[in-house]
Amino acid sequence: MTEPTQTDQPAIEFEDLTLILGGRTILDGLNLSIPQGQVTALMGPSGAGKTTLLKLITGQLKPDKGRVVVNGVVVNELNSKALNQFRKNVGVLLQNGALFTDLTVFDNIALPLREHTDLDESLIRRVVLLKLHTVGLRGAAKLYPRELSGGMNRRIAMARAMALDPGLMLYDEPFAGLDPISMGISLRLIRQVNEALGMTSIVVTHDVHEVTKLAHLACIIANGHLIASASPHDLAESEEPLVRQFMQGLPDGPVAFHYPAKSLSDDLLGQGEQHA
Ligand SMILES: Nc1ncnc2c1ncn2[C@@H]1O[C@H](COP(=O)(O)OP(=O)(O)OP(=O)(O)O)[C@@H](O)[C@H]1O
Ligand SMILES: [Mg+2]
């Protein structure tokens with residue numbers, strides 16, 4: 000029998016998080032708690048800071064204020080050695096996460112195992128084939144990334160992210176550009192892998208409709224804050240204007256379409272800026 004891994008302690012806590020990038024306040028005292036062992040969807044308009052939040056979890060970025068606590072560990076206080084150790088337990092599927100084009104599918108997945116474990120090649124082979132089997136692509140082991148479709152590429156990248164059996168998986172827009180069937184497959188995979196391996200998963204997605212099928216909890220961030228955190232069903236029913244704008248995809252509402260800039264006329268007429 001395995002020990003139950005579920006605890007009441009949240010998997011991740013963002014505490015009063017402020018982050019300034021390029022002189023702009025991206026996160027402004029954000030508080031968010033992400034439960035253990037579930038799939039949490041992270042939503043919000045483009046530029047809201049979703050990818051940034053994932054980078055704060057992996058310690059790639061450090062907050063200007065506040066704390067990022069993952070399973071009781073304050074990530075923003077880890078030194079680089081401790082951070083490397085910590086990252087072995089985090090699987091990341093990046094927004095533009097590419098496979099290494101000069102390696103086969105097999106070697107792409109074997110790479111983290113060869114880098115971070117002492118497993119011998121016969122064990123590595125077994126782990127790689129098992130991971131490939133999980134994403135339904137064991138038959139593609141010998142192919143190169145250029146021989147795969149976009150959806151297959153994504154599933155291989157997922158297998159690679161899971162190679163070290165992480166307790167935490169982060170997916171940045173795993174459905175972007177996928178056809179409905181591939182999207183359905185990816186969706187089911189994320190949920191199945193989460194349940195089978197008892198991990199915590201965070202999925203950044205714009206796909207409001209898919210979130211209902213995927214996530215136990217859905218969070219919306221906008222304007223540097225957490226706007227809502229509830230079950231996808233409750234979010235869909237919400238009367239809160241920002242939540243409604245987002246869930247219904249309304250172009251006008253509390254969230255601005257434009258990235259902050261000086262006025263268009265000033266820009267076009269070149270006022271306030273001296274060109275040589
Ligand atoms: N290294 C950086 N330097 C300066 N600004 C940055 C940097 N990285 C991100 N930003 C800014 O931070 C904001 C949040 O970026 P982020 O990539 O987290 O957005 P996002 O919510 O993931 O958007 P999308 O849905 O388009 O992927 C953006 O306004 C972006 O311009
Ligand atoms: Mg992003």
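Residue numbers (numbering that gives the first Met the number 0): 0 to 275. Quick reminder that beta carbons are idealized off the backbone N, C-alpha and C, glycines included.
Can you pull the DSSP bridge partners for G248?
DSSP lists no partner for G248.
CB of L129 to nearest heavy atom of ligand 1: below 7 Å?
no
Between V89 and H215, is the Cβ-Cβ spacing less than 8 Å?
no
Under the three-state reduction of DSSP, which class applies to V68: helix, strand or coil?
DSSP places V68 in the strand class (E or B) of the three-state scheme.
Count the CB pairs spanning the region 145 to 156 and the region 174 to 183 that are closer than 8 Å, and state whether there are at least three.
yes
What number of angstroms, rounded off, separates the C-alpha of L18 from the C-alpha of V91?
21 Å
Three or more beta-carbon pairs under 8 Å between the region 54 to 67 and the region 205 to 222, yes or no?
no
Is there contact between the region 129 to 142 and the region 64 to 73, where contact requires at least three CB pairs shorter than 8 Å?
no
On the three-state DSSP scale, how would you describe T281?
This structure leaves residue 281 out entirely; the chain is present only between 0 and 275.
Starting from the C-beta of G149, find all residues in its chain whose C-beta is less than 8 Å away, skip the five residues before and the five after it, and write them out in chain order.
G176, L177, S181
Alpha carbon to alpha carbon, how far is L267 from S32? Give it in angstroms, no decimals.
44 Å
Exposure label - P173; buried when at least 16 CB within 10 Å
By the neighbour-count rule (16 or more Cβ atoms within 10 Å), P173 is buried.
Report the three-state DSSP secondary structure of A47 (helix, strand or coil).
coil
Please state if the CB of T211 and the CB of P231 are separated by a distance shorter than 8 Å.
yes
When you compare the region 104 to 116 with the region 182 to 198, are there three or more beta-carbon pairs, one atom per stretch, that lie closer than 8 Å?
no
Based on the DSSP secondary-structure assignment, which residues constitute the bridge partners of I33?
I11
On the DSSP letters alone, give me the boundaries of the beta strand (DSSP E) that T199 sits inside.
199 to 203
Thinking just about the alpha-carbon of each residue, which of P44, L213, L16 is nearest to the one in Q244?
Taking only the C-alpha atoms, the option nearest Q244 is P44.
Could you tell me the distance, in whole angstroms, from the CA atom of K261 to the CA atom of S79?
40 Å
Can you tell which of R125, T133, E146 has its C-alpha closest to the C-alpha of T103?
Residue nearest to T103 within the set R125, T133, E146 is E146 (criterion: CA-CA distance).
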